[in-house]
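Undergrad:
Residue numbers (the working numbering), protein chains in the order written: chain A, 85 to 190; chain B, 21 to 160.
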C-alpha cells in the first residue's frame, strides 16, 4: 500500500466547470495507488454540490482500499456548507494541512 | 421596486463564474451581507447548473436569463430557461444523516437551494419555459 500522503489543493471555485478536473486528478491518484489523500481548501473560495459529489466518490474509493481522504483549511462558510450537507459526519476535517497529515501517523 | 439587474448567458458551465459575479454585484447593491451574498451565489450556481445539465442536457446553445431585484424586504432572483421541462418533484432529497455506505450521490443541488434561500418556487409554461424564483429575506 502506498503510504505517501498526497495533497490536492483546489484553487478558486470548484463548480460544475472545474469539478471534472478535480475528479480526474483524484481518480488518477487513486488508480496509481494513493490511499492517503488530503484535500487542502486554503485556496478554495467556493465549492458546489458537483464538487462535494467528487469528494464523496473519492472518499468511498479510498476507504475501499483501507485508506482515507481528509479535508483541511476550509473557510468558515465552506465548513458550514459541508456541515449542512452532513459531510462533517462523513469526512475527517482539520484546521490545518499539518494536522491532517499528522492524523495519518496515529 | 429598486433597480433590477439582468443577465443573459448561454448554457455553458464555463459561464458559471460570470453568473456568480453578476449575482454578487446585484446582491451587494441590494445591501446583502457577506454571508447572504455567499448563500445567494451558491443557490444561483446550483440552480443554473441544474438548468445546464438537466434542462439543456449539456447543449451549450441554450440560454439562461437571470433577473434580480429587491421587492420590499425581499431580494428576488428569477432564472428562466427554454430547455426541457424540469420537475423538481422527481428529484429525491439526500438524507444528510445517512452513513457513507448508504449515502446517495444526487439531489444535493436542490437541497442547497432550499436550505440557503427563504423560498424557492418553480414554474413552467409552453413558450415561456422553466422559471425558478428564489427569495432571500433582507435584514436578517
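C-beta: ideal position from N, C-alpha, C; glycine also. Since this is a predicted model, take the numbers as computed values, not measurements.
Using a Cβ cut-off of 9 angstroms, pull out every chain B residue sitting near residue 132 of chain A, in sequence order please.
TA: Ordered by position in chain B, the residues that pass the 9 angstroms Cβ test against residue 132 of chain A are 36, 62, 65, 66, 69, 128, 129 and 132.
Undergrad: Residues in the same chain with beta-carbon distance under 8 angstroms from residue 125 of chain A, minus the five sequence neighbours each way, listed in chain order, please.
TA: Correct list, in chain order: 93, 94, 131, 155, 156, 157, 158, 159 and 162.
Undergrad: Does any CB atom of chain B fall closer than 8 angstroms to the CB of residue 169 of chain A?
TA: With 8 angstroms as the cut-off, residue 169 of chain A counts as an interface residue toward chain B.
Undergrad: Measure the alpha-carbon distance for residue 191 of chain A versus residue 92 of chain B and round it to whole angstroms.
TA: No answer is possible for residue 191 of chain A: it lies beyond the span of chain A, which begins at 85 and ends at 190.
Undergrad: Taking DSSP as the reference, what is the three-state secondary structure of residue 125 of chain B?
TA: DSSP places residue 125 of chain B in coil when its eight states are reduced to three.
Undergrad: Assuming residue 137 of chain B is part of the beta strand (DSSP E), what are its boundary residues?
TA: First-last for residue 137 of chain B: undefined, no H or E at that position.
Undergrad: Put residue 135 of chain A into one of helix, strand or coil per three-state DSSP.
TA: Helix, per DSSP.
Undergrad: Compile a chain-ordered list of the residues in the region 29–58 of chain B whose CB is closer than 9 angstroms to at least one CB of chain A.
TA: Residues passing the 9 angstroms Cβ filter: 32, 33, 34, 35, 36, 37, 40, 54, 55 and 58.
Undergrad: Can you tell which of B:103, B:110, B:123 and B:98 has its C-alpha closest to the C-alpha of residue 170 of chain A?
TA: Minimum Cα distance to residue 170 of chain A is reached at B:123.
Undergrad: Just list the residues that DSSP pairs residue 92 of chain A with in beta bridges.
TA: Partner(s): A:123.
Undergrad: How many angstroms separate the CA atom of residue 53 of chain B from the CA atom of residue 78 of chain B?
TA: One C-alpha to the other measures close to 33 angstroms.
Undergrad: For residue 51 of chain B and residue 58 of chain B, what's the separation of their Cα atoms in angstroms?
TA: Their backbone Cα atoms lie some 13 angstroms apart in a straight line.
Undergrad: Just verifying my parser: in three-state terms, what is the DSSP assignment at residue 150 of chain B?
TA: Residue state, collapsed to three classes: strand.
Undergrad: Taking only three categories from DSSP, how would you classify residue 98 of chain A?
TA: The answer is strand: DSSP assigns residue 98 of chain A an E or B state.
Undergrad: Quick one: what's residue 85 of chain B bridged to in DSSP?
TA: The partner list for residue 85 of chain B (beta bridge, DSSP) reads B:28 and B:100.
Undergrad: Let me know the secondary structure DSSP gives residue 166 of chain A once reduced to three states.
TA: Reduced to three states, the DSSP call for residue 166 of chain A is helix.
Undergrad: Just checking: is the beta-carbon of residue 154 of chain A within a distance shorter than 8 angstroms of some beta-carbon in chain B?
TA: No, because no Cβ of chain B sits closer than 8 angstroms to the Cβ of residue 154 of chain A.
Undergrad: The beta strand (DSSP E) with residue 153 of chain A in it runs from where to where?
TA: Segment 152–156, the beta strand (DSSP E) holding residue 153 of chain A.
Undergrad: Give the DSSP-derived three-state secondary structure of residue 179 of chain A in the structure shown.
TA: The answer is coil: DSSP assigns residue 179 of chain A none of H, G, I, E or B.
Undergrad: Drop a sphere of 10 angstroms on the beta-carbon of residue 86 of chain B, count the other beta-carbons inside from all chains shown, and report buried for 16 or more, exposed for fewer.
TA: By the 10 Å Cβ count, residue 86 of chain B comes out buried.
Undergrad: Going by the DSSP bridge assignment, what does residue 142 of chain B pair with across the sheet?
TA: Residue 142 of chain B pairs with B:152.
Undergrad: Output, in sequence order along the chain, the residues in the region 95–123 of chain B whose CB is closer than 9 angstroms to any CB in chain A.
TA: Residues 114, 115, 116, 117, 118, 119, 120, 121 and 123.
Undergrad: Taking 8 angstroms as the CB-CB limit, is residue 156 of chain B close to chain A?
TA: No, residue 156 of chain B does not count as interfacial toward chain A.
Undergrad: Who are residue 128 of chain A's beta bridge partners in DSSP?
TA: Note: residue 128 of chain A sits in a beta bridge opposite A:96.
Undergrad: Counting only beta-carbon separations shorter than 8 angstroms, does residue 174 of chain A have a partner in chain B?
TA: By this cut-off, residue 174 of chain A is an interface position.
Undergrad: Give the straight-line distance between the Cα atoms of residue 186 of chain A and residue 29 of chain B, rounded to the nearest whole angstrom.
TA: Each residue's alpha carbon lies about 46 angstroms from the other.
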